[in-house]
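Here the protein sequences line up with chains A, B and C, keeping their order.
Following the numbering used here, the residues of the first sequence are numbered contiguously, the last one being 570.
Following the numbering used here, the residues of the second sequence are numbered contiguously, the last one being 108.
Following the numbering used here, the residues of the third sequence are numbered contiguously, the last one being 486.
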Amino acid sequence: MDILSFTALELGKMIKEKRASVLDAVKAVIERAKAVEQEINSYVTLDEEGALKQAEEVQRLIDSGTLTGPLAGVPVAVKDNLCIEGQLTTCSSKILSGFKPIYTAEAVLNLKKAGAVIIGKTNMDEFAMGSTTETSYYGPTKNPHNTAHVPGGSSGGSCAAVAAQECYYSLGSDTGGSIRQPSAFCGVVGLKPTYGTVSRYGLIAYGSSLDQIGPVAKDVSDCAAILEAIASHDTKDSTSVKRKDYDFTSALTDNVKGLKIGIPRDYLGEGLDEDIRRAIRKAAEVLEERGAVVEEFDLSLVQYAIPAYYVIASAEASSNLERFDGVKYGYRTPDYEGLHNMYKKTRSEGFGAEVKRRIMLGSFVLSSGYYDAYYLKALRTKALIKQAFDRAFEKYDVILGPAAPSTAPELGKSLTDPMKMYLGDIYTVAVNLAGLPGMSVPAGKDSKGLPIGMQLIGNSFQEKTLIRTAYTYECATNKQYVVPANIGEGV
Amino acid sequence: MKHKISDETIDYVGILAKLELSAEEKEKAKIDMEKMLDYIDTLNELDTEGIEPMSHVFPVNNVFREDIVTNGDKKEEILANAPLRKEDRFEVPKTIA
Amino acid sequence: MARQYEMVIGLEVHVELATKTKIFCGCSTEFGGAPNTHTCPVCTGMPGSLPVLNKQVVEYAMAIGLAANCNITQTCKFDRKNYFYPDNPQNYQISQLYMPIARDGYVEIESGGVKKKVRIHEMHMEEDAGKLVHDEWDDTTLVDYNRSGVPLVEIVSEPDMGSAEEVISYLEKLRMIIQYLGASDCKLQEGSMRADVNLSVREAGSETLGTRTEMKNLNSFKAIARAIEAERERQIELLEEGKPVIQETRRWDDNKESSYAMRSKEDAQDYRYFPEPDLVPIVISDEWITQIKSRQPELRSEKLERYKKEFDIPQYDAEILTESKKMADIFEASTAICGKPKKVSNWLMVETLRLLKENSMEPEDIQFSPENLAKLVDLAEAGTINSSVAKEVFEKIFSQDIDPEKYVEENGLKTVNDESALKAVIEKVIAENPKSVEDYKGGKEKAIGFLVGQSMKAMKGKADPGMVNQMLKEALK
């Protein structure tokens, strides 16, 4: 069997049992990446030399019995908004040209402690702003299932890399759906944890109150194991939460008997592709057959999540991105006259159109005279949305719905109408506003052969319920992870 | 379209955000912002009277550090990414006229 | 008749807190390090870094708020103040606007014999900015982030002051309170205390406020007084000419003794404050407030009364000793060692104040240790050294904090109490000065003074003059 076809946990086990070496695995994914990158463009940086060095070191630690975890020796890719000391970190933006962080993000340090071999940094929408990975300064990533389509975004590179077997798993970040939506588009499993579960220290901020790092994996078991590795209470992140449970893999049980699942009617209404609606209903039936109690209900306020999200995220982003000014790191315009001209030219040349659009909006809604009408209104709406979820979780253990209203759109069709692109976030942004955990699990394909993702939403700190539900579904349907055919063969 | 964004507003926001838009970009920015603000106005359909604005989702508070020096001299690393430096300082265009 | 004007002044006072580390990271706050050596990803605005609040900052701020009779905001939060400037690495300053830590206080001041209350509108915590240096050679600006993230409190008064004297009196009072709390050393020259002056003028007796200006860059009491006078004149001149006063921020140039407007097209002064999402609220319980209150050191008035009672020190001396926390601390520590409060007080009131004045120093700049002063008191009291030697030794203590015992020993300054040695000298002096001996014996009592002087000279000052006098009289009987 091809070494690339193993899941992360399968590979980890083989390495532990000395049936495969870390170097074999690293070489295999790098070979694979070299073969398909021209078509897919998952990576901003593929660090072959560093990966080979790490492979040797990790192998030694495994052999000496120092590293014993289930992910030891498994190659991983990391989204390019996570800082790694000494390694180019760009957020797929020109403004961070040449930037090499002087410290490593906490989540990545946790991965290293688990024995991960980091093989590169994945492409993304610039500063995580976008739903297609087309706003990257380093060119778009393509969907491995059909390279005429986008992989989704903003963690498009992370999801495509897993789907195309260019790594065994990856880390993404999710501010408004940026893990769940591309996971759905690429047919992989992605999870956004409860806010505060994974430290944000070293994650280059987009919307600080919404951002969370999470795993992208081939299956639910990998996803649980990765979450277990990266979640931690970090005193360097004031919003990091000390949880009671970090044993996420203990939830990998094939059992949903008596589990109450609610499907928001508002998530199945107008604007949703018929193929997806059918797939979601089918998934619900599968879970029902396994003993879950499924019913439809009205979540309410769904249409207000997007406007509230864009006010809050843009406002925070306008402030978070002020530090990119040509003084301390990254790009500085070559020609300028005076300080403010330097600022303006650097930022105007360094940021792409979508980033500038959100900075302008965010600066406007915070400006004198508008703060109450926009920003505070959005924060009040957020409170109401949280209340709506609280009511729902009084009745249900899990909320089930689609991850996105459509499957992956064709390349070049989304950026012309930003409003339309924003509307694609309708099922995901509310989860970030309420700080809840959300998961995307492959649930079949549409008529064009593009993957469909179902979204599971849990109450705060109830990742285990999501993992149990997803695992049961996966067992019932046989694993959905399908290696996309055709890619890499023409090269 | 209900919102009308003037040239002055776009220029003003450009000053706040330190972005210099070309004439073409400005026109597009005006339209984008008008559309977004119209859309955001749908929030006004919601009665939020008496609702406390929620900046943090969880009631976590009082996260502190003790007053103990933990960091040493990292000058070289800190300056290593500077686009322009002079000796041990970052260099920028002069700030005082 | 010329119109009469009056000034309405409010102050924004920034005070650097005496923490060991910065407000949001573990970098040292020590003054005067080489450029950018006290920096880290947090205080240089590196992407992905996050702030974590120093608890000591909150406790110092609470202590100052309580001492200034403020209400403590029991749920307080940080906000971001957004503006681009290179001394501010994130291009936003973490500060407090909507829920500052303290509100509605006052301090009592005395100016020209009149007591009055200056109300405090609010007090908040925030981070300091880095230091900009102009590079003359290249005509550029250079940035050092060592001060970036040093904790500050900003104390905003109501416009309750009407003269430069009141302003100075208010600042001195604030400084004393804060120094007593140990929350800051409040040195204007080093910038650990800074004041921005909001000033307007109006016709005397008028109820409406005039347009105010804000004056920055005032780094001594003298500069503040000069700037207030200059701004008063500038505004009155405008009003007399029928021109409007423009609400603006002005920068004082103390060398030119004038100010200029800091306006710029790029400076919209629209700070887009919003709650800092990277920090969580601070919830201050009643217990915490009680705890801070109980830890509150004795304030000046309490100390003054105690000194009078405990050490039997006159009102005037107690006032001077307690005027500065540093002075009071040295007094108490020295007294505790040597047990001679009046002697210690004398050294502080006379010699210390004289030397401070001669060196244009503040009591806060005192470097010597209470141990060495106590040793000196003991040496002088025991008669080991005489008073003129003691003064000489004290100067050494003041300037170099030397150990007086060692110093006296090493330099052979001990008073010679060896009677035989003294006797020999006295006999020699008597033999060499027959004229004076004759005068003395003839009834000129004063002549003995000359003989004492000669003996002391021969002893190189190391004898006890009283003893010499006694022995001379004996010898001449």
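Note that the Cβ used here is the ideal one computed from N, Cα and C, for glycine as well.
At the level of alpha carbons, what is the spacing between B/Arg76 and C/Lys31?
10 Å
A/Asn557: buried (16+ other C-beta within 10 angstroms of its C-beta) or exposed?
exposed
Identify which residue in C/Lys196, C/Leu481 and C/Leu388 has its Cα closest to the Cα of C/Lys437.
C/Leu481
Between C/Gly35 and chain B, is there a C-beta pair that is closer than 9 Å?
yes
Output yes if chain C places a C-beta closer than 9 Å to the C-beta of A/Cys302; else output no.
no
In chain order, what residues of the same chain have a beta carbon less than 7 Å from the beta carbon of A/Leu88, not counting five sequence neighbours either side?
Pro149, Ser300, Asp301 and Ala304
From B/Glu31 to A/Tyr422, what does the alpha carbon distance come to, in whole angstroms?
9 Å
C/Arg315 versus C/Leu308: straight-line alpha-carbon distance, rounded:
11 Å
Check the Cβ of A/Cys265 against every Cβ in chain C and list those closer than 9 Å, keeping chain order.
Ordered by position in chain C, no residue passes the 9 Å Cβ test against A/Cys265, which lies about 25 Å from the chain.
Helix, strand or coil: how does DSSP classify C/Trp495 here?
In the structure as shown, chain C begins at 10 and stops at 486. Residue 495 of chain C is therefore absent and cannot be evaluated.
What's the gap between the Cα of A/Gly275 and the Cα of C/Asn91?
25 Å
What does the Cβ neighbour count give for A/Asp404, buried or exposed, with the cut at 16 atoms within 10 Å?
buried
Bounding residues of the beta strand (DSSP E) (the contiguous stretch that carries A/Ile199)
With the sequence shown as reference, residue 199 of chain A is identified as Gly, and Ile is not the correct amino acid for it. It spans Val196 to Thr201 - the beta strand (DSSP E) in which A/Gly199 sits, taken as one unbroken run.
Close Cβ partners of C/Tyr416 (< 7 Å) along its chain, the five nearest in sequence each way excluded
Val402 and Lys405
Give, in chain order, every unbroken run of the alpha helix (DSSP H) that is at least 4 residues long and sits entirely within the region 347-385 of chain C.
350-355 and 362-367
Element boundaries [beta strand (DSSP E), containing C/Ser166]
Pro160 to Ser166
Kindly indicate which three-state DSSP category A/Phe376 falls into: helix, strand or coil?
strand
Measuring straight from C-alpha to C-alpha, what distance separates A/Thr145 and B/Pro70?
39 Å
Does B/Asp84 come within less than 9 Å of chain A when only Cβ atoms are used?
no
Give a yes or no on whether the minimum CB-CB distance between B/Tyr23 and chain C is below 9 Å.
yes
Look up C/Arg89 in the DSSP assignment and say whether it is helix, strand or coil.
strand
What are the boundary residues of the alpha helix (DSSP H) that includes A/Tyr419?
Reading off the sequence, residue 419 of chain A comes out as His, not Tyr. Run containing A/His419: Leu418 to Gly429, per the alpha helix (DSSP H) assignment.
In this structure, how does DSSP classify C/Gly337 when only helix, strand and coil are distinguished?
Note that residue 337 of chain C is Ala in the sequence shown here, rather than Gly. Three-state result, C/Ala337: helix.
Does DSSP put A/Arg436 in a helix, a strand or coil?
helix
Excluding sequence positions up to five away, which residues of its chain have a Cβ less than 6 Å from the Cβ of A/Val510?
Gly517 and Ile536
Could you check where the beta strand (DSSP E) with B/Glu102 kicks off and where it finishes?
Arg100 to Pro104
Quick check for students: name the residue ranges of the beta strand (DSSP E) that lie wholly in the region 149-215 of chain A, counting only runs of 3 or more.
154-158 and 196-201
At the level of alpha carbons, what is the spacing between A/Val570 and A/Phe178?
Residue confidence for A/Val570 is low, a pLDDT of 36 falling below 50, so the modelled location carries little weight; the figure read from the coordinates is stated next. Whole-angstrom Cα-Cα distance: 32 Å.
Using the DSSP secondary-structure output, state which residues sit across from A/Gly537 in a beta bridge.
A/Val477
Near C/Tyr115, which residues of its chain fall below 8 Å by C-beta distance, leaving aside the five closest residues on each side in sequence?
Ala77, Asn78, Lys126, Val127, Arg128 and Ile129
Which class does A/Asp345 belong to by DSSP, given the choice of helix, strand or coil?
helix
So, for A/Ile638: in the same chain, excluding its five sequence neighbours on each side, which residues have a beta-carbon less than 6 Å away from its beta-carbon?
An answer regarding residue 638 of chain A cannot be provided, because it is not within the stretch 80 to 570 covered by chain A.
If you pair each beta-carbon of the region 442-451 of chain A with each one of the region 33-41 of chain B, do three or more pairs fall below 8 Å?
no
Give me the residue from A/Glu307, A/Gly528 and A/Pro530 with the minimum Cα distance to A/Ala186.
A/Glu307
Where does A/Phe327 sit, in a helix, a strand or coil, going by DSSP?
helix
DSSP bridge partner residues for C/Ala111 (one or two, in chain order):
C/Ile81 and C/Met132
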